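Undergrad: Here it is, the structure, as structure tokens.
Okay, here's the thing in structure tokens:
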């Protein structure tokens, strides 16, 4: 399995160097519950909400055998991700060997070091991004 983050149709691609032991996906629904006059609760089934995906791992400070990406180390990964975020465009998150290939935003990116360690520990949370499609109306400008 590999995890990739890219922006702008692969203009910039980052491969996550150390795979997380697990990742979690939340897939909410926009259901609404109401109390009826007879004090019974009913639920109206709504549309699907935006999915979120999160994981935690490390950015190694030096070359290690278990790293899938040795093009950068430690703080360089943080700098690249923050620069990509600063562009304010959606990322594409791809996790190979899974059906996950979706546009996302980074909702939370927490990172730091533990005492005596040079590796960067981080946690990241993504939120599904939906592109807005505006329909063009062809108005007839002829006067009646």
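In our numbering, the protein residues as written are 58 to 201.
Using N, Cα and C, we set each Cβ at its ideal position, and we do this for glycine too.
Bear in mind that the values here come from a model prediction, so they are computed numbers and not experimental data.
1. Judging by CA-CA distance, which residue of 74, 173, 66, 188 is the nearest neighbour of residue 117?
2. Going by C-alpha distance, which of 127, 109, 131, 101 is nearest residue 115?
3. Keeping to the same chain, check which residues put their C-beta closer than 6 angstroms to that of residue 166; ignore five residues upstream and five downstream.
4. For residue 58, which option in 142, 190, 151, 121 has the closest C-alpha, if you only look at C-alpha atoms?
5. Grab the span of the alpha helix (DSSP H) containing residue 146 for me, first residue to last.
6. Please name the residue, chosen from 193, 186, 97, that lies closest to residue 106 on a Cα-to-Cα basis.
TA: Checking against the coordinates, here is how it stands:
1. Residue numbering aside, residue 117 sits at position 60 when the chain shown is read from its first letter. Comparing Cα-Cα distances from residue 117 to each of 74, 173, 66, 188, the minimum goes to 74.
2. Numbered from 1 along the chain shown, position 58 holds the residue referred to as residue 115. Closest by alpha carbon: 131.
3. Working through the chain shown from its first residue, we reach residue 166 at position 109. So the list reads 181, once near-sequence residues are dropped.
4. In the chain shown, the residue the question calls residue 58 occupies position 1. When only C-alpha atoms are compared, the closest one is 151.
5. In the chain shown, residue 146 corresponds to position 89, counting from 1. First-last for residue 146: undefined, no H or E at that position.
6. Counting from 1 along the chain shown, the entry for residue 106 is found at position 49. Checked all of 193, 186, 97; the closest Cα to residue 106 is 186.
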